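Undergrad: Per this note's numbering, residue 784 is the first one in the sequence shown, and the count goes up by one each step.
Even for Gly, the Cβ is constructed at its ideal location relative to N, Cα and C.
None of these values were measured; they are calculated from a predicted model.
Handing you this structure, nothing more for now.
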Amino acid sequence: MTMTDNPRPESARHAIDLMTAWLDNPDGPADLLLTRLQALVDEDPGGNKVAGAVRVIMGMTYLCGSLLLLREHETGITARETLSALGLHYALE
């Protein structure tokens, strides 16, 4: 699968769909999230679950990058600074 096989708008929509399922119950059981994730992975027309999983990963990467850039635009805190702060936060947990 190449990046041309995975248009950004479609992969971003999949990532937004997945995160919407997560937001519906972020602290509770992940049933809805797992169901939606499985459906997205299974969505590959050829039935290739690896290709479906790669499409979901690319969509999540695109969505996360977009959110980092949006945060940078709104706050002036660079994407790298945000990632460094998150890395430090999780390293200290």
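Quick check on DSSP: helix, strand or coil for glycine 859?
TA: The residue you call residue 859 lines up with position 76 of the sequence shown. The answer is coil: DSSP assigns glycine 859 none of H, G, I, E or B.
Undergrad: Near isoleucine 860, what residues of its chain come up, given a Cβ to Cβ distance below 7 Å and the 5 sequence neighbours on each side ignored?
TA: Within the sequence shown, residue 860 is the residue found at index 77, counting from 1. The residues are Arg854.
Undergrad: Between the Cα of leucine 820 and the Cα atoms of Gly811, Asp810, Gly829, Gly842, which residue gives the shortest distance?
TA: Within the sequence shown, the letter at position 37 stands for residue 820. With distances taken between Cα atoms, leucine 820 lies closest to Gly842.
Undergrad: Using only CA atoms, which one of Met802, Gly870, Ala868, Glu857 lies nearest to threonine 818?
TA: Within the sequence shown, numbered from 1, the residue matching residue 818 stands at position 35. Of Met802, Gly870, Ala868, Glu857, the residue nearest in Cα terms is Met802.
Undergrad: Could you tell me the distance, in whole angstroms, from the CA atom of alanine 874 to the CA atom of alanine 868?
TA: The residue you call residue 874 lines up with position 91 of the sequence shown. The residue you call residue 868 lines up with position 85 of the sequence shown. Approximately 10 Å between the Cα atoms of the pair.
Undergrad: If you reduce the DSSP assignment to three classes, tell me which class glycine 811 lands in.
TA: As a working mapping, residue 811 is identified with position 28 in the sequence shown. Glycine 811: coil per DSSP, three-state reduction.
Undergrad: Is the separation between the beta-carbon of leucine 846 and that of alanine 804 shorter than 8 Å?
TA: Residue 846 sits at position 63 when you count from the first residue of the sequence shown. Residue 804 sits at position 21 when you count from the first residue of the sequence shown. Cβ atoms of leucine 846 and alanine 804: not closer than 8 Å.
Undergrad: Classify proline 792 as helix, strand or coil using the three-state DSSP reduction.
TA: Position 9 of the sequence shown, counted from the start, is the residue given in the question as residue 792. Here proline 792 sits in helix by DSSP.
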